[in-house]
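As structure tokens, the structure follows; a few thoughts come after it.
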Amino acid sequence: MLRLTKRAFKISAVILASTFVGFLLLTHAIDPLLSSSRRSDAMNSLLRAQLLQQRWHAAHGHFGSVAEIWLRPDGRSLAGHYVLRDIPEVLPTGPDTRNYAMQAVPQGRQVGDACGTFAITQEGVLVDPPWAGADCWSR
3 MLRLTKRAFK ISAVILASTF VGFLLLTHAI DPLLSSSRRS DAMNSLLRAQ LLQQRWHAAH
63 GHFGSVAEIW LRPDGRSLAG HYVLRDIPEV LPTGPDTRNY AMQAVPQGRQ VGDACGTFAI
123 TQEGVLVDPP WAGADCWSR
């Protein structure tokens, strides 16, 4: 009886180890898909912010900063995977009557993502480096 118990323990240990290895492989395979779906948070948030900019401009006669127009005071994106900020490198004096520039900076698990930071202006998306390229916006 003792021999059967040791054998059963070895079999269950092998099954458990195999399950764990399978889980790790599955997690590694799914991670790029999850990163891709989290990128949609940046795109959706920036497009929403673009609509809020139009609303702000209609009410105030000029575009607003992210702090003025965005839904959350800390600038977190809709799903929290990015933080929205103004882009001082594009508009050193900030938004004005004709221009605004906003970026979605990756946070948490999105840091180090291949697409990096997404950006948008009153003219549309910025796709030149250092911003996320057109291929990132189309994924």
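The sequence shown: position 9 = 11 (my numbering), numbered continuously.
Here a beta-carbon is modelled for each residue, glycine too, at the ideal position from N, C-alpha and C.
- Looking only at C-alpha atoms, which of Y84, S38, S37 and G114 sits nearest to A106? For the purposes of this step, residue 106 is taken as the residue at position 104 of the sequence shown. Among Y84, S38, S37 and G114, the Cα nearest to that of A106 belongs to Y84.
- Message: Assuming R57 and L80 are in contact, meaning their beta carbons sit under 8 Å apart, how far apart are those beta carbons, in whole angstroms?
- Response: Walking along the sequence shown from the start, residue 57 turns up at place 55. Walking along the sequence shown from the start, residue 80 turns up at place 78. Not confirmed; about 17 Å, so no contact.
- Taking the C-alpha atoms as reference points, what is the distance between T119 and A61? Indexing the sequence shown from 1 puts residue 119 at position 117. Indexing the sequence shown from 1 puts residue 61 at position 59. For T119 and A61, the distance between alpha carbons rounds to 29 Å.
- Could you have a look at G126 and say whether DSSP puts it in helix, strand or coil? The residue you call residue 126 lines up with position 124 of the sequence shown. In this structure, G126 counts as strand in the three-state DSSP scheme.
- Task: Please classify V92: does DSSP put it in a helix, a strand, or coil?
- Result: In the sequence shown, the residue the question calls residue 92 occupies position 90. Looking at V92 - three-state DSSP - the assignment turns out to be coil, as it is neither helix nor strand.
- Message: Rounded to whole angstroms, what is the Cα-Cα separation between A44 and L54?
- Response: The residue you call residue 44 lines up with position 42 of the sequence shown. The residue you call residue 54 lines up with position 52 of the sequence shown. Each residue's CA atom was taken as its position, placing A44 and L54 some 15 Å apart.
- Looking only at C-alpha atoms, which of G135, R100, T123 and M104 sits nearest to H64? Your numbering for residue 64 matches position 62 in the sequence shown. For the residues G135, R100, T123 and M104, the minimum Cα distance to H64 belongs to R100.
- Per-residue DSSP class, three states only, for L73: By 1-based counting over the sequence shown, the position of residue 73 is 71. Three-state DSSP puts L73 in coil, outside helix and strand.
- Message: Taking the alpha helix (DSSP H) that A116 belongs to, which residues open and close that run?
- Response: One-based indexing of the sequence shown puts residue 116 at position 114. Per DSSP, A116 lies in no alpha helix (DSSP H) and is assigned neither H nor E.
- Should G126 go down as buried or exposed, given a rule of 16 or more other Cβ atoms within 10 Å for buried? Your numbering for residue 126 matches position 124 in the sequence shown. G126 comes out exposed.
- Query: So what's L18 in DSSP terms, helix, strand or just coil?
  - Reply: Translated into the one-based positions of the sequence shown, residue 18 becomes position 16. Three-state DSSP puts L18 in a helix.
- Alpha carbon to alpha carbon, how far is T139 from L18? To locate residue 139, count along the sequence shown from 1; it is residue 137. To locate residue 18, count along the sequence shown from 1; it is residue 16. The question names Thr, but residue 139 in the sequence shown is Trp. Their backbone Cα atoms lie some 41 Å apart in a straight line.
- Under 8 Å by Cβ, that's how I've got P97 and D88 pegged, so tell me the actual separation to the nearest angstrom. Taking the first residue of the sequence shown as 1, we reach residue 97 at position 95. Taking the first residue of the sequence shown as 1, we reach residue 88 at position 86. P97 to D88, Cβ: 7 Å. Contact.
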